[in-house]
Amino acid sequence: MKKQLLLAGLFCISAIAFGQKKEIKKAEKALKAGNASEAISYINQAEGLLSNADGAMKSQFYMLKGKAFLAEAGTTDYGKLKTAAEAFKMANESGAAGKTADEVAIGMQNLRVALVNSAVADQNAKNYAGAAEKLYTSYTIQKDTSDLYYAAGNAVNAKDYEKALMYYKDLLDQGYTGIRKEFVAIEIETGKEVVFASESDRNTNMLTGKYTNPTERMSQSVRGDVLQKVTLIYISRNENEKALALMKEAREANPDDKSLLRAEADMAYKMGDMEKYSSLMEEIIAADPNNPELYYNLGVGSANKGDKEKALSYYKKALELDPDFTNAKINIAATILAGEGPIIEEMNSLGTSNADYDRYDELKEVKNGLYREAMPYLEAASADKPDNLELIRTLMNIYSQLGEDDKHKAAKAKLDALEGGE
30 MKKQLLLAGL
40 FCISAIAFGQ
50 KKEIKKAEKA
60 LKAGNASEAI
70 SYINQAEGLL
80 SNADGAMKSQ
90 FYMLKGKAFL
100 AEAGTTDYGK
110 LKTAAEAFKM
120 ANESGAAGKT
130 ADEVAIGMQN
140 LRVALVNSAV
150 ADQNAKNYAG
160 AAEKLYTSYT
170 IQKDTSDLYY
180 AAGNAVNAKD
190 YEKALMYYKD
200 LLDQGYTGIR
210 KEFVAIEIET
220 GKEVVFASES
230 DRNTNMLTGK
240 YTNPTERMSQ
250 SVRGDVLQKV
260 TLIYISRNEN
270 EKALALMKEA
280 REANPDDKSL
290 LRAEADMAYK
300 MGDMEKYSSL
310 MEEIIAADPN
320 NPELYYNLGV
330 GSANKGDKEK
340 ALSYYKKALE
350 LDPDFTNAKI
360 NIAATILAGE
370 GPIIEEMNSL
380 GTSNADYDRY
390 DELKEVKNGL
400 YREAMPYLEA
410 ASADKPDNLE
420 LIRTLMNIYS
430 QLGEDDKHKA
440 AKAKLDALEG
450 GE
């Protein structure tokens with residue numbers, strides 16, 4: 030009797046296995062015919078019979094499930110893309126081998142492309158939370174740390190700082206630098222350097238005759254950026270001690286990493302430690318003395334400390350290195366014009382005595398001197414940004430104070446035209 034029951038059980042299992050194979054074959058056939066929906070219906074039928082399947086059958090089933098849901102998802106249905114990701118992972122966990130393993134690998138590559146493209150679309154639509162989730166899913170299937178890096182950046186933009194912190198700490202634990210080989214060439218028409226996605230992409234573009242001087246180089250480390258983001262998150266949570274400890278550890282481990290030095294300077298600035306900020310920026314400038322942005326940032330730091338003369342010196346050095354540095358022009362003018370506040374305050378406090386009238390005239394001339402000093406910088410900045418309403422308004426007021434009637438009328442006409450077009 031026991032023998033008969035055992036045989037009956039074996040027959041039952043064989044029948045289930047046959048049913049699984051039948052549905053899997055149907056799903057495979059439907060996929061080859063390009064009918065993903067039909068393949069999914071067969072997969073759903075086979076899934077209920079999967080508990081007794083061996084590893085080879087399970088891995089084949091999950092491979093087909095991943096391919097079917099990927100085909101059905103396109104780049105817009107994240108739910109199906111995520112199901113495909115889970116299926117491909119299950120295929121590997123079930124011991125995918127041979128042809129099945131190869132198909133799983135190809136499926137994962139195609140899935141990553143779909144997830145990244147969908148994430149880019151989300152970024153462009155400012156759906157940063159969606160982009161972060163898709164990029165993280167991509168990271169889980171291919172373990173490409175660049176996906177995790179960009180997932181963290183999108184989480185920051187989505188203001189999901191807990192998730193961003195988790196991703197960034199994972200990157201730091203892995204020693205992520207983001208350094209990779211870049212394939213570049215010079216665009217003949219513009220003379221500008223272009224970075225291509227891959228060597229083959231660069232080589233293909235070289236055949237068009239539009240590029241010259243193909244070269245290779247290693248990209249800059251982004252470890253400093255990762256540390257900066259983590260420390261800023263800590264600072265936003267009033268966890269300054271954690272931020273300081275993390276930066277100290279990183280700097281001790283990488284004392285020559287200039288990106289970390291810059292990150293430490295940014296952290297000092299955010300914490301309001303302007304003395305340390307300026308000291309670190311001086312150290313950075315010593316290593317890169319012809320970088321106008323560094324002098325500009327030192328100017329901002331000096332202005333925040335109330336050191337007007339030093340701020341002007343740094344801004345002017347930035348402008349000397351880059352004559353088109355519009356923000357340097359604006360900040361020079363703003364720093365000069367900041368001196369009018371105490372003058373106007375004193376003018377308003379004067380009485381009606383002859384001495385007061387004389388003092389008023391003296392102060393007015395000093396104030397107008399500031400306007401004359403700031404005016405060329407504002408005019409240059411306005412030429413760079415002709416649609417900037419605040420620059421035009423400021424210039425219009427200065428022209429009025431200095432009796433520059435023709436310039437005042439021209440500025441007013443331009444302002445009216447721009448505001449009328451809003």
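Each position in the sequence shown, counted from 1, maps to that position plus 29 in the working numbering. Positions of the beta carbon are idealized from the N, C-alpha and C atoms, including for glycine. If you're wondering where the values come from, they're calculated on a predicted model, not measured in any experiment.
Looking at the DSSP output, Arg246 shares a beta bridge with Glu211. With respect to Glu211, Glu245 sits close: the two C-beta atoms are nearer than 9 Å. Within the region 130 to 211, the complete alpha helix (DSSP H) runs of at least 4 residues fall at 157 to 171, 174 to 186, 190 to 202. Under the three-state reduction of DSSP, Phe225 is assigned to strand. Rounded to whole angstroms, the separation of the alpha carbons of Gly136 and Lys96 is 6 Å. Contact check for Met296 against Thr260 passes: the beta carbons are separated by less than 9 Å. Sorting Lys128, Lys58, Val395 by C-alpha distance to the C-alpha of Leu431 places Val395 at the top.
Its Cα nearest to that of Ala143, the residue Leu99 stands out among Tyr165, Ala410, Leu99.
For Glu322, the enclosing alpha helix (DSSP H) has its first and last residue at 321 to 333. Counting only the Cα atoms, Ala440 lies some 10 Å from Ala446. Excluding the 5 residues flanking it on each side, Leu392 has same chain C-beta neighbours closer than 7 Å at Ile372, Glu375, Met376, in chain order.
Inclusion of Ala65 and Glu115 in the CB contact set at 9 Å is not warranted, their separation being larger than that value. Thr233 and Ile361 have their alpha carbons spaced roughly 47 Å apart. Rounded to the nearest whole angstrom, the C-alpha separation of Gln171 and Ser229 is 22 Å.
Counting the other Cβ atoms within 10 Å of the Cβ of Glu132 gives 16 or more, which makes it buried. Per the C-alpha coordinates, the member of Asp351, Ser167, Gly84, Val223 positioned closest to Thr241 is Val223.
At the C-beta level, Ala294 and Ile313 come within 9 Å of one another.
Bridge partners of Glu216 according to DSSP: Tyr240. In the displayed model, Ala62 falls within coil according to three-state DSSP, outside both helix and strand. When DSSP states are grouped into helix, strand and coil, Gly380 belongs to the coil group.
Annotated three-state conformation of Ser411 is helix, per DSSP. Contact annotation: Arg141 and Asp106 have beta-carbon atoms that are not nearer than 9 Å.
When DSSP states are grouped into helix, strand and coil, Phe354 belongs to the coil group. The count of Cβ pairs closer than 8 Å, one atom from the region 330 to 337 and one from the region 378 to 392, stays below three, leaving the stretches out of contact. Comparing C-alpha distances from Glu162 to each of Asn153, Ala184, Glu338, Glu278 shows the shortest one belongs to Ala184. DSSP, read as helix, strand or coil, puts Asp295 in helix. With contacts defined by Cβ atoms closer than 9 Å, Tyr168 and Ser123 do not form a contacting pair. Counting C-beta atoms within 10 angstroms of its own C-beta, Arg209 has fewer than 16 neighbours from the protein chains shown and is therefore classed as exposed.
Taking a C-beta distance under 9 Å as the contact criterion, Tyr324 and Lys346 qualify as a contact pair.
Around the beta carbon of Arg266, fewer than 16 other beta carbons lie within 10 angstroms, which makes this residue exposed. With a threshold of 16 other beta carbon atoms within 10 Å, Pro321 meets it and is buried.
Between Asp434 and Asp353, the gap from beta carbon to beta carbon reaches 9 Å or more. Short of 7 Å from the beta carbon of Asn319, and not among the five residues preceding or following it, lie these beta carbons of its own chain, in chain order: Leu350. In the structure shown, Ala56 falls within a helical segment according to DSSP collapsed to helix, strand and coil. Minimum Cα-Cα distance from Val255 among the listed residues Leu236, Gly207, Glu218, Asn283 corresponds to Gly207.
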